[in-house]
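Participant:
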Amino acid sequence: MKKILLLLLLIPFIGFSQVGKKQIVDVKWTKVGKLTNPYKYVELEYKEYDGERTYQLSFQNMEYTQITDIATVTFTSWR
2 MKKILLLLLL IPFIGFSQVG KKQIVDVKWT KVGKLTNPYK YVELEYKEYD
52 GERTYQLSFQ NMEYTQITDI ATVTFTSWR
């Protein structure tokens, strides 16, 4: 009975193990567009690798414009 319980505890760890690693490739960001003035900062960039395109949207916090507080949202699309 102890062996069965031990086996049931180990199954989730075996089932979710990582098979391989994703290669990290240094690809430069390509700028799509940028909007800057004293009150606004928005920038959209992308990089493409292995059939998938990763976008990065950077924007400034509009509530506190006195400080440089830039947030970034990253998302991926496949072709």
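Counting from 1, position 53 in the sequence shown corresponds to residue 54 in this note's numbering; the numbering is continuous, with no gaps. Quick reminder that beta carbons are idealized off the backbone N, C-alpha and C, glycines included.
Determine, using beta carbons only, whether residue 40 and residue 66 come nearer to each other than 8 Å.
Facilitator: The residue you call residue 40 lines up with position 39 of the sequence shown. The residue you call residue 66 lines up with position 65 of the sequence shown. Closer than 8 Å, so yes.
Participant: Tell me, please, which residues DSSP counts as bridged to residue 74.
Facilitator: Taking the first residue of the sequence shown as position 1, residue 74 is located at position 73. In DSSP, residue 74 forms a bridge with 58.
Participant: Please determine, among 37, 57, 53, the residue with the shortest C-alpha to C-alpha distance to residue 45.
Facilitator: Mapped onto the sequence shown, residue 45 falls at position 44. Here the closest residue by C-alpha is 57.
Participant: What are the boundary residues of the beta strand (DSSP E) that includes residue 44?
Facilitator: Within the sequence shown, numbered from 1, the residue matching residue 44 stands at position 43. Residue 44 -> beta strand (DSSP E) spans 42–50.
Participant: If we call anything under 8 Å between Cβ atoms a contact, is residue 71 one with residue 60?
Facilitator: If you number the sequence shown from 1, residue 71 lands on position 70. If you number the sequence shown from 1, residue 60 lands on position 59. Cβ atoms of residue 71 and residue 60: closer than 8 Å.
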